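Okay, so here's the structure we're looking at.
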Amino acid sequence: MLFLKSIVGAFLGLIALGLAAGPIAAQEYPSRNITLIVPFAAGGPTDVVARIVGEHMSRTLGRSVLIENTLGAGGTTASTRAMRAAPDGYTIIMGHMGTHAAAVALYPNLAYNPSTDFEPIGMASGTPVLILAKRDFPAKDMKEFVTYAKANEAKLNMAHAGIGSVSFTTCLLLNSLIGIKPTSIPFSGTGPAMNALVGGQVDFMCDQVVSVVPQVQAGTIKAYAVGTPERNPALPDVPTAKEAGLPEFKASAWNALFAPKGTPKPIIDKLNAALVAALDDPGVRKRLIDLGGEIPNREGRTPQALADLVKSEIAKWTPIIKAAGAVAN
Ligand code: MLT
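Residues -1 to 327 in the numbering used here are what the sequence shown spells out, letter by letter.
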């Protein structure tokens, strides 16, 4: 009996320790480096935003935020890895409009539910999407692009970052508006896809502004239109899709931080505070704005605002993807 009592006592003690470990771990967080998963190749828009924001968050948190580029399946491989990581704040992900919205309609067997399998931390940047082509593409403006694309659909190559990516999804919208089915060339991110566009190996692409600005400014690629209601201050000469004659091309993406479901609230609060501090920093702001990024206002940076954004973006993109008949095998 005494033996049984001491076993039960030890067991209850362990439970008590376990319960206490949560708040203590959260209080001491972070006591080691944090892995920030980027679901695409280095040099692309998600990687660029993650490195700018992550570097400042490291300073606030007093620990390094280490970037891990996990590639494959349009960002869904990385998102699945993040969803399955321990919910302790040491593995988080820079998700985006593709991984945490469009993927739902594109992958019937998606391993995760963006709305319920993650704790939203906050939005890092809005990233308007542009219609781009290689430098010697034979169309000087959007109208000529449409005419040329319709007449030469069979020989057109479209670069993208895999089914589920922003580049795939927004060009899916473009192609269905124009009524073309070009050859699709997947890359592990729009970093390498952009290299192929600059090198002239592919014809056109839809990409987020943050990795486009230097190339457009240098004249190594053509930009026909931006999918936002207003022109982007970093590329004031590029017309909006409405101005360019394709008003239905409404395409703007976003990057945002997520943690695995069950990450304790005090840890989410610390990560959110570090994100907010990064977005208030004049150096971070300048870098993002110079690249055409849109910095969310205070209300747009909360976990709740991100939860709402994920829901509304799934609702926005699902019918567009279904109407285009796109689905991953
Ligand atoms: C990237 O970082 O390569 C992009 O965000 C990929 C995409 O979604 O198009």
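Every residue, glycine too, gets a C-beta built ideally from N, C-alpha and C. Just so you know, these numbers come straight off a predicted model, no measurement behind them.
- Item | Buried or exposed by the 16-neighbour rule on C-beta atoms within 10 Å, applied to isoleucine 13 | Residue confidence is low: isoleucine 13 scores 42 on pLDDT, short of 50, so the model does not pin down where it sits. Its coordinate-derived value is still stated next. With a 10 Å radius around the Cβ and a threshold of 16 neighbouring Cβ atoms, isoleucine 13 comes out exposed.
- Whole angstroms is fine: what's the gap from alanine 232's alpha carbon to phenylalanine 116's? Separation of alanine 232 and phenylalanine 116 (C-alpha to C-alpha, rounded to the nearest whole angstrom) is 33 Å.
- Query: From serine 182 to threonine 167, what distance separates their C-alpha atoms?
  - Reply: Here the alpha carbon of serine 182 sits roughly 12 Å from the alpha carbon of threonine 167.
- Item | Cβ distance (whole Å) where serine 209 is taken to contact methionine 192 below 8 Å | Confirmed, about 6 Å.
- Hey, is proline 85's beta-carbon within less than 8 Å of any beta-carbon in chain D? In the structure shown, chain D cannot be found, because there is only a single protein chain.
- Expressed to the nearest angstrom, what Euclidean distance is found between the alpha-carbon atoms of alanine 131 and glycine 217? A straight-line Cα-Cα distance of about 11 Å links alanine 131 and glycine 217.
- My understanding is that aspartate 134 touches alanine 242, with C-beta atoms under 8 Å, so please give their C-beta distance in whole angstroms. With 8 Å as the limit, aspartate 134 and alanine 242 do not qualify as a contact, their Cβ atoms being about 20 Å apart.
- Message: Less than 8 Å between C-beta atoms, sequence neighbours within five positions excluded: which residues of the same chain meet that for alanine 321?
- Response: Non-local beta-carbon contacts of alanine 321 in its own chain, meaning distances under 8 Å to residues more than five positions away in sequence, involve Ser174 in chain order.
- Kindly indicate which residue of Gly87, Thr33, Ala103 and Leu289 has the alpha-carbon position closest to the one of glycine 323. Answer by Cα proximity: Ala103.
- Message: With three or more beta-carbon pairs closer than 8 Å as the criterion, would you say the segment 63 to 77 touches the segment 154 to 164?
- Response: Short answer: they touch.
- Message: Within the continuous beta strand (DSSP E) that includes aspartate 205, where are the two ends?
- Response: In the DSSP assignment, aspartate 205 falls within the beta strand (DSSP E) that extends over 202 to 206.
- Query: Does the ligand MLT have even one heavy atom less than 7 Å from the beta-carbon of glycine 290?
  - Reply: Between the ligand MLT and glycine 290, a heavy atom-to-CB distance of less than 7 Å is absent.
- Message: Measuring straight from C-alpha to C-alpha, what distance separates arginine 82 and leucine 255?
- Response: The alpha-carbon atoms of arginine 82 and leucine 255 are separated by roughly 15 Å.
- Query: For aspartate 201, which of Ile129, Val47 and Val308 has the nearest alpha-carbon?
  - Reply: Residue Ile129 is the option with its Cα nearest to aspartate 201.
- Message: Does tyrosine 222 come out as helix, strand or coil in the three-state DSSP assignment?
- Response: Strand at tyrosine 222.
- Message: Tell me the rounded alpha-carbon separation between alanine 326 and threonine 97.
- Response: Here the alpha carbons of threonine 97 and alanine 326 stand approximately 13 Å from one another.
- Query: Would DSSP call valine 47 helix, strand or coil?
  - Reply: Of the three classes helix, strand and coil, the one that applies to valine 47 here is helix, per DSSP.
- Item | 6 Å Cβ shell around leucine 15 - same chain, five flanking residues per side excluded | Here leucine 15 scores only 42 on pLDDT, less than 50, and its place in the model is too uncertain to base an answer on.
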